[in-house]
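Let me begin by presenting the structure, written as structure tokens, before commenting on it.
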Amino acid sequence: MASTSGVNVAARPVVGDGLLNVKKAAGWTSHDVVAKLRNLLRGPRVGHAGTLDPAATGVLPVLIGRGTRIAAYLVDWDKEYRAVLRLGEATDTQDATGAVLSRSPTAGLTQEAIRTVIERFRGRLTQVPPMYSAVKVGGVPLYKVARAGRTVEREPREVTIHDIEVLGIDGRDVSLRVVCSKGTYVRTLCADIGEALGVGGHLLALERRRVGPLTIERALTMEDIGSRLLRGRLADDVMPLDEALAALPALVVDEATSGRVLHGAPVSSRTVTWDARAGISGVAAGQTVRLKDPNGRLLALGKVGAAGVDQGAVASVSAAERMVSILKVLVDA
């Protein structure tokens, strides 16, 4: 009987909807991981949230089944990395895979000078996306433009370095711990630090240690996944959607309103119990919320409107009433 990595193709267990914390190995693209899991799971949709470059290792959140519906709501998760910055060499890709553009001596740099400059990169800063990236300009990914030998103007983007720590300095190699916001390019950070030190630099090695609540200590290798799938244990490792979205306020709708939610109809604040952590006044207009039935089952994601604002299908809204529009239904009606 056909099998993949020792897993019986004809009798794969149900793993459920949610997130799988995968430990990506060097040399794999994020798409490689998704393709392998599609082959192993044979049925549910599979996607990922947060691309890792092929040379990088570490946490890759993989979305399974209805988990693919919430990708857009996970992008705000911050990330933690361990990186090695090599000083004295700038490359065209800003990492070790690229061609060396310049070399500079680093013997004159003191550890104190290196640490002082790195500290300046804490907080909000702007980055210009690297040419070798998936960012699109005019609908074309930048890496395709770069491979054609061209360079185009890129709009700077604001990112936040929540924390940056020097873990060690070994000659011209600097080990860093970086906690950053979405959209941060650690290789650009390394290149910018090298430029600020006047010697150039590039990212030598990168491991993603955390994405939101997903940590490297709990991540599964592809071998782990195959083994646990074979033993019918992989479902234990899939984070449910409600847990993945736990940072969002939760509103409970009554039984009669549950059906309206499943059909995408907006609901009124009169039919929901507001999050005990915040209350109705503590949930801001525009806030994304979880909508749950009286039994605690996650039904959908919604967006809270302002008090007394007419919203779409609702003809009249009282001054004290607030409407919740449905963004994404997460169960079948």
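The numbering of the sequence shown is our numbering, which starts it at -5 and goes up by one.
A virtual CB, placed ideally from N, CA and C, is assigned to each residue, including glycine.
Asked                                                                                                              : Found
Cβ pair G41, L54 closer than 8 Å                                                                                   : no
Check whether R181 and Q88 have beta carbons under 8 Å apart                                                       : yes
Runs of beta strand (DSSP E) lying entirely within the region 24 to 112, each at least 3 residues, in chain order  : 40 to 42, 51 to 58, 73 to 81, 83 to 85 and 94 to 97
Range of the contiguous alpha helix (DSSP H) that encloses K138                                                    : L136 to R141
Sequence-distant residues of its chain with Cβ nearer than 8 Å to I108 (five each side left out)                   : L81, V160, I163, V168 and L191
For E159, the first and last residue of its enclosing beta strand (DSSP E)                                         : R151 to D164
Alpha-carbon to alpha-carbon, M233 and D72                                                                         : 18 Å
D230: first and last residue of the uninterrupted beta strand (DSSP E) it sits in                                  : Segment: none, D230 is in no beta strand (DSSP E) and carries neither H nor E.
Proximity of R284 and E74 at Cβ, strictly below 8 Å                                                                : no
Contact under 8 Å by Cβ, V27 with K18                                                                              : yes
Runs of beta strand (DSSP E) lying entirely within the region 186 to 220, each at least 3 residues, in chain order : 195 to 205
First through last residue of the beta strand (DSSP E) which encompasses G12                                       : G12 to K18
Nearest to N15 (by Cα), restricted to the options L103, P48 and M216                                               : M216
Three-state secondary structure (DSSP) of T178                                                                     : coil
Residue burial classification, T110 (beta-carbon count within 10 angstroms, cutoff 16)                             : exposed
Cβ-based neighbour list, R291, same chain, cut-off 8 Å, excluding 5 preceding and 5 following                      : V325
Backbone secondary structure at V308 - three-state DSSP                                                            : Annotation note: pLDDT 37 at V308 (below 50); position unreliable, no value reported.
Run of the alpha helix (DSSP H) containing L256, from where it starts to where it stops                            : E249 to L256
Straight-line gap, S252 to A241 (C-alpha atoms, nearest Å)                                                         : 22 Å
Neighbour-count burial assignment, L46, 16 or more Cβ in a 10 Å radius                                             : buried
Contact the region 213 to 230 vs the region 93 to 101: 3+ CB pairs below 8 Å                                       : no
Burial state of E149 (16 or more Cβ within 10 Å)                                                                   : exposed
Nearest-angstrom Cβ-Cβ length linking L295 and Y67, presumed shorter than 8 Å                                      : 6 Å
Three-state class that DSSP yields for L324 in the structure shown                                                 : coil
Close-in-space but distant-in-sequence residues of the same chain around D361 (CB under 8 Å, 5 per side omitted)   : For the chain, the structure presents residues -5 to 327; residue 361 sits outside this window and is missing.
Residue from A49, A90 and I210 with nearest C-alpha to W328                                                        : Absent from the structure is residue 328, since the part of the chain shown begins at -5 and ends at 327.
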